[in-house]
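Peer 1: What follows is a structure written as structure tokens; I'll ask about it next.
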Amino acid sequence: SGSNSESKRGALIVLEGLDRSGKTSQSSKLLTYLEGLGHSAELWRFPDRSTNVGQMISMYLSNKSQLDDHTIHLLFSANRWEKRSLMETKLKTGTTLIVDRYSYSGVAFSSAKGLDLEWCKAPEIGLLSPDLVLYLDIQPEKAAERGGYGGERYEQLEFQKKVAKCYQGLHDASWKIIDACQPIEDIEKQLQEIVLDCVLTCQKGKPLSNLWS
Ligand code: DGP
Ligand code: NA
Ligand code: NA
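Quick look at the structure:
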């Protein structure tokens, strides 16, 4: 019957935000929530460090290799492209994907280095467009206070301030801005409500589309 979840498409839900904004823990809480309601769901993250491209990215982030800014930008993009067809298959067979970072990180982090915005967006064109982007909004200074940064390349206050500005220019109708300084349980509840609404809308047959739209 039409209520079989496998005949309905899953939702593509992205979490974005500065480093230490709480995306990763909220992503896993969302997965538990959706699975608890009986939905098919998976947690993905970009960069996906498990692939060959992902390992190059990981080396770069941990300062074990140096790469030109354009080169690393294209590798991050390639890392999303290598997962695109699996992503589409999952969504079309009814699995909702909760994705920790996506093309908006790609554009925000690279344009924060001074790369041209349109150039940064170009390689992302044709990737699947999220049904929902949850932006965990935190002041860079507050994020930096949260137990300190892990020491990877981008985890520096001055750079994160630039990234925050770049993110601001990327908001569109699919974005929901969440105050990431609320108590964790309040954030969790807010996200659950928004996400469930999105999952149900996608089940009703909202079409998939491509970036940037
Ligand atoms: P994470 O694994 O979520 O901590 O991300 C690693 C770091 O890489 C983090 O500082 C954000 C940054 N990042 C994530 N995606 C991209 C991207 O596509 N391009 C660039 N330049 N940086 C990214
Ligand atoms: Na990080
Ligand atoms: Na990530």
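In terms of this note's numbering, the sequence shown is residues 44 to 256. In this text, a Cβ means the ideal position worked out from N, Cα and C, and glycines have one as well.
1. Specify the secondary structure class of Ile237 as computed by DSSP and reduced to three states.
2. Between the alpha carbons of Leu55 and Gly194, how many angstroms are there, rounded?
3. Flag Leu104 as yes when its Cβ comes closer than 7 angstroms to any non-hydrogen atom of ligand 1, and as no otherwise.
4. How would you call Glu184, buried or exposed, if buried means at least 16 neighbouring beta carbons within 10 angstroms?
5. Any contact of the stretch 169-183 with the stretch 218-226, i.e. 3+ C-beta pairs under 8 angstroms?
6. Cβ of Asp222 within 7 angstroms of any heavy atom in ligand 1?
7. Any heavy atom of ligand 1 inside 7 angstroms of the beta-carbon of Pro90?
8. Near Ser44, what residues of its chain come up, given a Cβ to Cβ distance below 7 angstroms and the 5 sequence neighbours on each side ignored?
9. How many whole angstroms separate the CB atoms of Gln203 and Leu61, which I take to be in contact at a CB cut-off of 8 angstroms?
10. Could you tell me whether the stretch 150-169 touches the stretch 135-142, using the rule of 3 or more Cβ pairs below 8 angstroms?
11. Which same chain residues, not among the five before or five after Val57, have their C-beta less than 6 angstroms away from its C-beta?
12. Kindly examine ligand 1 and report whether one of its heavy atoms sits closer than 7 angstroms to the Cβ of Ser60.
13. For the candidate residues Gly53, Arg52, Lys51 and Ser70, whose alpha-carbon lies nearest to that of Ile230?
14. Please tell me whether Asn21 and Leu171 are closer than 8 angstroms, where the distance is taken between their beta carbons.
15. For Lys51 and Val206, I'd like the C-alpha separation in whole angstroms.
16. Less than 6 angstroms between C-beta atoms, sequence neighbours within five positions excluded: which residues of the same chain meet that for Ser46?
17. One question on the structure: do Tyr192 and Arg63 come within less than 8 angstroms of each other, judged by their Cβ atoms?
18. For Gln246, count the other beta carbons within 10 Å of its own beta carbon; 16 or more makes it buried, fewer makes it exposed. Which is it?
Peer 2: From the atom records:
1. helix
2. 30 angstroms
3. yes
4. exposed
5. yes
6. no
7. yes
8. Low confidence applies to Ser44: its pLDDT is 37, below 50, so where it sits in the model is not reliable, and the reading given next is rough at best. The answer is none, since no qualifying residue turns up.
9. 5 angstroms
10. no
11. Val142, Tyr145, Pro173 and Val176
12. A small correction: the amino acid at residue 60 is Gly; Ser does not occupy that position in the sequence shown. No; taking the cut-off as 7 angstroms, the Cβ of Gly60 has no heavy atom of ligand 1 nearer than that.
13. Ser70
14. Missing from the structure shown is residue 21; the chain here goes from 44 to 256 and no further.
15. 36 angstroms
16. Because Ser46 sits at a pLDDT of 47, beneath the cut-off of 50, its placement in the model cannot be relied upon, and the point is left open.
17. yes
18. buried
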